[in-house]
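Participant:
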Amino acid sequence: MQPRHTLTILVILVALSAALFLFYQLPGGAVAYILERRAIKLAALIVTAVAIAISTSIFQTVSGNRILTPSILGLDTLYLLVQTLLMFLLGAKSLAMMGRISDFLLSVAVMIVFSLALFSLLFGKHTMPLTMVLFLGMVFGQLFGALASFFQLLIDPNEFLTVQARMFASFNSVNTALLFSSSVIVAAIACALVFFLDILDVLSLGRESAITLGVDHRRASRLFLIIVAILTAIATALVGPVTFLGLLVVSLARQIAPTYRHSIILPTSCLLSMLFLIVGQLLFERIFHFNTPISIIINFAGGIYLLSHLILRGTV
Amino acid sequence: MPFVNDQRYREDFMHRYILLTLVVIFSLASLSLGVISFEETTMHILVQSRLPRTISILISGMSLATAGAIMQLLTSNRFVTPTTGSTTEWAKLGLLIILIWTPQASVVTKTLFSFAFGFAGTISFLFIIKRIKLKEATLVPLVGIIYGNIIASIATYLGYQHDLIQSIQSWTQGTFALILKGRYEVLYLSIPCLIVAMLYANRFTLISMGREISISLGVRYQATLYVGLLIVSTISALVLVTVGVIPFIGLVVPNMVTLYRGENLEQNITTIALLGGLFLLACDIISRLVLHPFEIPISVTASIIGCLLFILLIVGRRRHAA
Numbered sequence: 002m003q004p005r006h007t008l009t010i011l012v013i014l015v016a017l018s019a020a021l022f023l024f025y026q027l028p029g030g031a032v033a034y035i036l037e038r039r040a041i042k043l044a045a046l047i048v049t050a051v052a053i054a055i056s057t058s059i060f061q062t063v064s065g066n067r068i069l070t071p072s073i074l075g076l077d078t079l080y081l082l083v084q085t086l087l088m089f090l091l092g093a094k095s096l097a098m099m100g101r102i103s104d105f106l107l108s109v110a111v112m113i114v115f116s117l118a119l120f121s122l123l124f125g126k127h128t129m130p131l132t133m134v135l136f137l138g139m140v141f142g143q144l145f146g147a148l149a150s151f152f153q154l155l156i157d158p159n160e161f162l163t164v165q166a167r168m169f170a171s172f173n174s175v176n177t178a179l180l181f182s183s184s185v186i187v188a189a190i191a192c193a194l195v196f197f198l199d200i201l202d203v204l205s206l207g208r209e210s211a212i213t214l215g216v217d218h219r220r221a222s223r224l225f226l227i228i229v230a231i232l233t234a235i236a237t238a239l240v241g242p243v244t245f246l247g248l249l250v251v252s253l254a255r256q257i258a259p260t261y262r263h264s265i266i267l268p269t270s271c272l273l274s275m276l277f278l279i280v281g282q283l284l285f286e287r288i289f290h291f292n293t294p295i296s297i298i299i300n301f302a303g304g305i306y307l308l309s310h311l312i313l314r315g316t317v
Numbered sequence: 265m266p267f268v269n270d271q272r273y274r275e276d277f278m279h280r281y282i283l284l285t286l287v288v289i290f291s292l293a294s295l296s297l298g299v300i301s302f303e304e305t306t307m308h309i310l311v312q313s314r315l316p317r318t319i320s321i322l323i324s325g326m327s328l329a330t331a332g333a334i335m336q337l338l339t340s341n342r343f344v345t346p347t348t349g350s351t352t353e354w355a356k357l358g359l360l361i362i363l364i365w366t367p368q369a370s371v372v373t374k375t376l377f378s379f380a381f382g383f384a385g386t387i388s389f390l391f392i393i394k395r396i397k398l399k400e401a402t403l404v405p406l407v408g409i410i411y412g413n414i415i416a417s418i419a420t421y422l423g424y425q426h427d428l429i430q431s432i433q434s435w436t437q438g439t440f441a442l443i444l445k446g447r448y449e450v451l452y453l454s455i456p457c458l459i460v461a462m463l464y465a466n467r468f469t470l471i472s473m474g475r476e477i478s479i480s481l482g483v484r485y486q487a488t489l490y491v492g493l494l495i496v497s498t499i500s501a502l503v504l505v506t507v508g509v510i511p512f513i514g515l516v517v518p519n520m521v522t523l524y525r526g527e528n529l530e531q532n533i534t535t536i537a538l539l540g541g542l543f544l545l546a547c548d549i550i551s552r553l554v555l556h557p558f559e560i561p562i563s564v565t566a567s568i569i570g571c572l573l574f575i576l577l578i579v580g581r582r583r584h585a586a
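As given, the protein sequences belong to chains A and B, one line each in that order.
Those letters in the first sequence? Residues 2 to 317, by the working numbering.
Those letters in the second sequence? Residues 265 to 586, by the working numbering.
1) Measure the C-alpha to C-alpha separation of A:P4 and A:T269 and round it to an integer number of angstroms.
2) Buried or exposed: where does A:L311 fall if 16 or more other Cβ atoms within 10 Å of its Cβ makes it buried?
3) On the criterion of 16 or more Cβ atoms from any shown chain inside 10 Å, does B:A586 qualify as buried, or is it exposed?
4) Which full runs of the alpha helix (DSSP H) of 4+ residues lie inside the region 60-140 of chain A, going along the chain?
5) Buried or exposed for A:A16, going by 16 or more other Cβ atoms inside 10 Å?
6) Mind checking whether B:I560 and B:I334 have CB atoms under 8 Å apart?
7) Are the CB atoms of B:R467 and B:T439 within a distance shorter than 8 Å?
8) Counting only Cβ-Cβ distances shorter than 8 Å, please list the residues of the region 140-161 of chain A near chain B, keeping chain order.
9) Since A:A149 and A:T78 should fall inside the 8 Å C-beta cutoff, what is the C-beta to C-beta distance between them, to a whole number of angstroms?
10) Tell me whether B:T366 is buried or exposed, calling it buried when 16 or more other Cβ atoms sit within 10 Å of its Cβ.
11) To the nearest angstrom, report how far apart A:A19 and B:G540 are at their CA atoms.
12) Between A:M139 and B:R581, what straight-line distance do the alpha-carbon atoms span, to the nearest angstrom?
13) In the DSSP assignment, what are the bridge partners of A:K42?
14) Does any CB atom of chain B fall closer than 8 Å to the CB of A:P130?
15) With burial defined as no fewer than 16 other Cβ atoms inside 10 Å of the residue's Cβ, what is the status of B:H426: buried or exposed?
16) State buried or exposed for B:M307, treating a residue as buried only when at least 16 other CB atoms are found within 10 Å of its CB.
17) Residues of chain B with CB closer than 7 Å to the CB of A:M133, please, in chain order.
18) Is the CB-CB distance between A:L76 and A:S116 below 8 Å?
19) Give a yes or no on whether the minimum CB-CB distance between B:L406 and chain A is below 8 Å.
20) My output table needs one value for B:K399: the three-state DSSP class, helix, strand or coil.
21) Apart from the five residues on each side of it in sequence, which residues of its chain come closer than 7 Å, Cβ to Cβ, to A:A234?
22) With a threshold of 16 other CB atoms inside 10 Å of the CB of A:F141, please say whether the residue is buried or exposed.
23) For A:P268, name the three-state secondary structure that DSSP assigns.
24) In the region 301-315 of chain A, which residues sit with their C-beta less than 7 Å from some C-beta in chain B, listed in chain order?
25) Could you tell me which of B:I569, B:A566 and B:H556 sits nearest to B:I588, measuring between CA atoms?
26) Please decide whether A:F225 counts as near chain B, where near means a Cβ-Cβ distance under 8 Å.
27) Are there 16 or more other CB atoms within 10 angstroms of the CB of B:M265, so buried, or fewer, so exposed?
28) If we ignore side chains and look at the alpha-carbon of each, how far apart do B:Y424 and A:L123 end up?
29) Below 6 Å CB to CB, which residues in the same chain sit around B:I587 once its five sequence neighbours on both sides are set aside?
30) On the CB-based measure, 16 or more other CB atoms within 10 Å of its CB, does A:H218 come out buried or exposed?
31) Is the beta carbon of B:I575 closer than 8 Å to that of A:L11?
32) Looking at the structure shown, is B:E449 part of a helix, part of a strand, or coil, going by DSSP?
33) Do you know offhand how far A:C271's Cα is from A:I186's?
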């Protein structure tokens with residue numbers, strides 16, 4: 002199939018599922034209110050889907066590795082730690098006064114600084130292999146999680162309850178207050194990327210070829226990794242950790258659109274990712290009435306897909 | 265040992281002697297520590313609570329560190345331990361299933377179930393990493409963690425369906441606070457595992473060189489592999505059922521020892537076990553002192569200290585190599 006046709010079909014599917022999400026099983030009363038709630042949720046799903054798809058595919062291109070995802074860097078526990086520390090240092094009241102936007106921006110800034118510090122190991126004097134950096138990131142993730150639970154023990158239980166909802170974002174309780182600012186950032190990054198598509202194409206050829214073709218590999222990688230860090234941080238803050246969604250959709254996108262062109266890979270993975278999230282949420286919330294968070298199923302399906310893919314191919 | 269020169273042998277002996285002394289000192293400190301001050305401690309408290317706690321910490325620390333070292337040799341990879349090699353996740357799943365099936369199961373039944381799951385699961389993990397040719401060493405634990413995540417998501421799903429999420433979380437937070445006389449004795453089963461591990465130590469070192477080399481050196485590869493897996497999954501199940509998950513000790517302690525003393529498990533196994541016991545004793549004492557009279561779950565302290573040590577270890581090794 003022509004990539005263009007694939008994209009068209011995907012767009013139609015996404016539009017259909019979005020319409021279903023909005024209008025399926027509309028109850029009699031309070032239509033306007035329910036529609037508004039659903040639209041906010043839909044928007045959150047779409048922003049997350051785009052952020053995760055773009056960050057994973059860029060990360061795989063820069064790292065030249067198809068089984069890696071920035072989601073395992075430990076950013077989710079870092080977010081938890083920042084929230085806990087803020088609560089610990091400021092107390093629930095002043096945290097509530099601080100406003101969610103500045104809180105969000107602060108957390109995202111910390112996450113970006115951390116990912117950049119980790120990535121700098123890739124380019125520093127003693128360069129580390131990328132897998133080692135990821136492994137370190139995971140260890141740091143555990144450290145942050147442990148530190149967060151330590152500080153949670155120190156916090157007054159009443160205060161802890163007041164702000165608990167803020168810390169554990171999930172698909173069922175999307176952090177809607179942050180939706181506007183994060184959608185602006187994601188949209189801006191997506192637009193800016195249009196100008197860098199050809200550089201991404203060159204980067205996917207590998208370091209040596211990219212340098213031969215006149216791309217400053219080091220600078221370009223650093224730039225793209227910053228973008229990856231921002232997008233991952235935003236997705237984590239919005240809905241919490243979804244480790245395998247990115248891997249799943251990017252890998253599927255590469256299968257249905259077997260090309261190296263990012264002008265096709267990126268939109269395909271974004272659309273697939275939206276489709277997965279919208280349909281998944283629809284099935285979960287309104288058809289099966291499951292009480293399980295959708296991220297568990299995504300992690301299960303994504304993990305199985307990835308492992309079987311690896312086993313069948315026999316290599317990374 | 266005839267081939268080891270005298271100097272080295274004496275040094276080894278000294279190191280072990282120092283470690284052993286430290287373990288004794290820390291054990292005494294652990295015994296004297298508690299909400300009730302040392303002078304008022306009665307024999308009753310000592311026998312019912314303090315002694316069981318110190319003993320279970322020592323046994324858990326020693327056996328978890330040894331299990332980590334064995335797992336690293338079985339997979340020929342420094343970063344694979346029961347926690348990064350999916351054994352723990354499988355053991356948790358087994359424990360969850362027996363809880364759903366018969367909520368009143370005895371400790372022995374629970375241990376057996378999580379052991380069986382851990383054993384079968386680790387075999388499946390070994391099969392997977394054999395099928396995938398992984399060029400970089402750090403990819404093996406990454407695959408292990410992906411695999412563990414899949415198993416964990418099954419467990420979480422089941423937990424949601426049967427309202428057992430809280431039990432899962434309580435296992436994840438390992439703590440010695442609930443150890444009393446009559447609730448930890450099953451841990452003693454780790455000691456025969458440790459003895460078997462000592463007897464097999466040399467063979468584990470040999471099979472870490474790969475199937476062909478170890479067979480040509482006269483080791484029964486498959487049988488040794490299974491013995492190792494049995495030890496690792498028994499220890500994981502025992503500690504999981506009585507204490508909960510204690511991360512990082514199986515990763516950090518063996519790596520610290522092999523960094524300075526090489527990979528020979530027969531030479532290292534007592535050092536690794538003693539250091540493991542010491543590490544966990546120290547973590548537990550910190551856990552109890554920081555918020556005295558309250559205490560922090562040992563999984564938190566062990567994670568924080570273990571992570572920091574491991575990061576230092578990796579960064580230090582890089583600088584050393586450069």
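Ideal placement from N, C-alpha and C gives every residue a C-beta, glycine not left out.
Facilitator: Concretely, from the data shown:
1) One alpha carbon belongs to A:P4, the other to A:T269, and they sit about 9 Å apart.
2) Result: buried.
3) With a pLDDT of 47 at B:A586, under the threshold of 50, the modelled position of this residue cannot be trusted, and the question is left open.
4) For the region 60-140 of chain A, the full-length alpha helix (DSSP H) segments reaching 4 residues or more read 76-99 and 101-124 along the chain.
5) Exposed, because fewer than 16 other Cβ atoms sit within 10 Å of the Cβ of A:A16.
6) Here B:I560 is not near B:I334, since their CB atoms are 8 Å or more apart.
7) No. Outside cutoff.
8) Of all residues in the region 140-161 of chain A, V140, F141, Q143, L144, G146, A147, L148, S150, F151, L154 and L155 have a Cβ within less than 8 Å of some Cβ in chain B.
9) Between A:A149 and A:T78 the beta-carbon gap is near 6 Å, inside 8 Å, which marks them as a contact.
10) A residue is called buried once 16 or more other Cβ atoms fall within 10 Å of its Cβ, and B:T366, having fewer, is exposed.
11) Roughly 55 Å separates the two Cα atoms.
12) In a straight line, the C-alpha of A:M139 is about 18 Å away from that of B:R581.
13) Its beta-bridge partners do not exist; DSSP assigns none.
14) Taking Cβ atoms only, chain B reaches closer than 8 Å to A:P130, which makes this a yes.
15) By the Cβ-count criterion, B:H426 is exposed, with fewer than 16 other Cβ atoms from all chains shown falling within 10 Å of its own Cβ.
16) Exposed is the label assigned to B:M307, since fewer than 16 other Cβ atoms lie within 10 Å of its Cβ.
17) What A:M133 touches in chain B: T402.
18) Between A:L76 and A:S116, the CB-CB gap stays under 8 Å.
19) B:L406 counts as touching chain A.
20) Reduced to three states, the DSSP call for B:K399 is coil.
21) Answer for A:A234: L76, V109, M112 and I113, listed in chain order.
22) Burial call: buried.
23) Note: A:P268 maps to helix in three-state DSSP.
24) Residues of the region 301-315 of chain A with a C-beta atom less than 7 Å from some C-beta of chain B are F301, G304, I305, L307, L308, L311, I312 and G315, listed in chain order.
25) Nothing can be reported for residue 588 of chain B, as the shown portion of chain B is limited to 265 through 586.
26) No, A:F225 lies away from the interface with chain B (no Cβ there is under 8 Å from its Cβ).
27) Bear in mind that the predicted position of B:M265 carries a pLDDT of just 47, short of 50, making it unreliable; the figure below should be weighed with that in mind. In this structure B:M265 is exposed. Its beta-carbon is surrounded by fewer than 16 other beta-carbon atoms within 10 angstroms.
28) Put simply, the backbone Cα of B:Y424 is about 40 Å away from that of A:L123.
29) Any answer about residue 587 of chain B is impossible in this case: the structure gives chain B only from 265 up to 586.
30) A:H218 should be labelled buried.
31) No, the pair does not count as a contact, with Cβ atoms beyond the cut-off.
32) If DSSP states are grouped into helix, strand and coil, B:E449 belongs with the helices.
33) Straight-line spacing of the CA atoms in A:C271 and A:I186 works out to 16 Å.
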